[in-house]
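Here's the structure, in structure tokens; my notes come after.
Residue numbers (this note's numbering): 4 to 380.
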């Protein structure tokens with residue numbers, strides 16, 4: 004059985020989200036700003052719908068005495084979707100959160116819908132700081148291939164979203180962004196979103212369907228932004244405690260203001276030691292993608308550097324990498340495959356004639372990170 008995004012799809016006593024949600028009265032007054040509002044955007048009109056509902060239930064279990072407001076946008080069917088205000092509830096067999104707004108026939112993987120939902124959430128519950136969790140399937144920065152449109156984030160009736168479009172849909176006022184989705188801990192992805200949030204938590208590998216342990220991390224989301232290490236650590240500790248194949252997790256917390264210096268260090272390294280037309284070595288570099296036919300290979304960024312540059316030339320970029328990454332952790336293996344090298348980030352390794360190169364050139368890391376020096380004369 005494929006564990007990734009599919010571990011133990013347990014039958015639920017609550018059969019549908021719709022019947023479980025009580026309606027709430029429309030609030031005609033603008034509430035006073037709270038300390039923090041966190042929105043969890045769940046695209047679950049796919050095979051993850053029951054996992055999404057389980058996550059909401061766990062949020063309710065962990066929602067006592069929050070210093071702020073927790074909202075969830077959830078879509079599990081082709082019909083309506085909902086914006087919920089999470090209420091504390093210890094009962095694992097029901098969802099009691101209030102419905103703040105109902106959306107008719109919206110596509111959760113439409114960037115305009117993402118933009119509107121975030122706008123609605125921040126307007127209804129203004130706060131001194133904002134956090135966003137993006138919850139769904141994901142395939143790093145992968146472009147569309149073949150006849151089926153498979154892009155990088157989310158899935159709603161088979162349609163997914165390009166990360167550039169997703170980035171453009173997000174506001175610039177986030178204190179943190181968490182990707183509860185597979186393989187979004189790539190340097191290219193994180194660099195694309197660096198201006199959207201002060202901090203980003205993501206997984207360089209795939210993630211399991213159990214997702215983040217929301218019962219324990221929900222209160223942690225409302226601590227000071229500097230305490231986000233506790234969120235990333237709680238995720239790692241949860242999976243590292245397993246003794247079977249579910250002991251499979253990688254996580255990274257980055258300070259986004261250090262991403263530009265990391266790109267500059269990378270560009271300087273390439274400019275000093277490579278030239279146009281040089282090939283980058285991928286053979287033997289640690290792979291951190293574990294799904295069969297994953298659309299783009301994800302290589303460990305640190306191992307990529309070690310295979311392509313002399314160790315003595317990596318001092319500067321390694322120092323910057325340490326400033327960029329505030330926390331990183333990996334289990335010894337992922338679904339039984341050993342993780343021998345883990346730097347905290349992944350990277351793509353393009354090559355001449357690469358079918359993905361045309362799209363890869365659209366990513367900011369391609370130019371700012373100096374990859375363009377090898378391919379553009």
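Just so it is clear, CB atoms sit at the ideal spot from N, CA and C, and this is done for glycine as well.
Check: Which listed residue (129, 224, 103, 104) has its alpha carbon closest to that of residue 204; Outcome: 224
Check: Cβ neighbours of residue 195 in the same chain (closer than 8 Å, five flanking residues each side left out); Outcome: 144, 166, 167, 170, 366, 367, 368
Check: Supposed contact pair residue 139 and residue 382 - C-beta distance, whole angstroms, cut 8 Å; Outcome: Lying outside 4 to 380, the shown extent of the chain, residue 382 is not represented and no answer is given.
Check: Sufficient close CB pairs (3 or more, under 8 Å) joining the stretch 125 to 141 to the stretch 175 to 186; Outcome: yes
Check: Exposure of residue 108, with buried meaning 16 or more beta-carbon neighbours within 10 Å; Outcome: exposed
Check: Cβ neighbour criterion (16 or more within 10 Å) applied to residue 287; Outcome: exposed
Check: Bridge partners - residue 181, DSSP secondary structure assignment; Outcome: 136, 204
Check: Sequence-distant residues of the same chain with beta carbon closer than 6 Å to residue 44, five excluded per side; Outcome: 76, 137
Check: Of the residues 215, 132, 131, 113, the one placed nearest residue 172, counting alpha carbons only; Outcome: 113
Check: Any 3 or more C-beta pairs closer than 8 Å across the stretch 371 to 378 and the stretch 270 to 280; Outcome: yes
Check: Own chain residues within Cβ distance below 6 Å of residue 70, not counting five before or after; Outcome: 38, 225
Check: Residue interval of the beta strand (DSSP E) (run including residue 1); Outcome: With the chain covering 4 to 380 only, the question about residue 1 has no answer from this structure.
Check: Straight-line Cα distance separating residue 96 from residue 261; Outcome: 43 Å
Check: Beta strand (DSSP E) runs contained entirely in the stretch 319 to 368, provided each spans 3 or more residues; Outcome: 328 to 333
Check: Residue 350 to residue 190 span [Cα, whole Å]; Outcome: 6 Å
Check: Beta strand (DSSP E) segment containing residue 39, residue limits; Outcome: 37 to 46
Check: C-alpha distance - residue 142 paired with residue 92, whole-angstrom precision; Outcome: 33 Å
Check: Length of the line joining the Cα atoms of residue 230 and residue 202; Outcome: 11 Å
Check: Endpoints, the beta strand (DSSP E) within which residue 126 is located; Outcome: Note, residue 126: premise wrong, no beta strand (DSSP E); alpha helix (DSSP H) at 114 to 127.
Check: Simplified DSSP state of residue 187, which is helix, strand or coil; Outcome: coil
Check: Residue(s) in a DSSP beta bridge with residue 250; Outcome: Residue 250 pairs with nothing; no bridge assigned.
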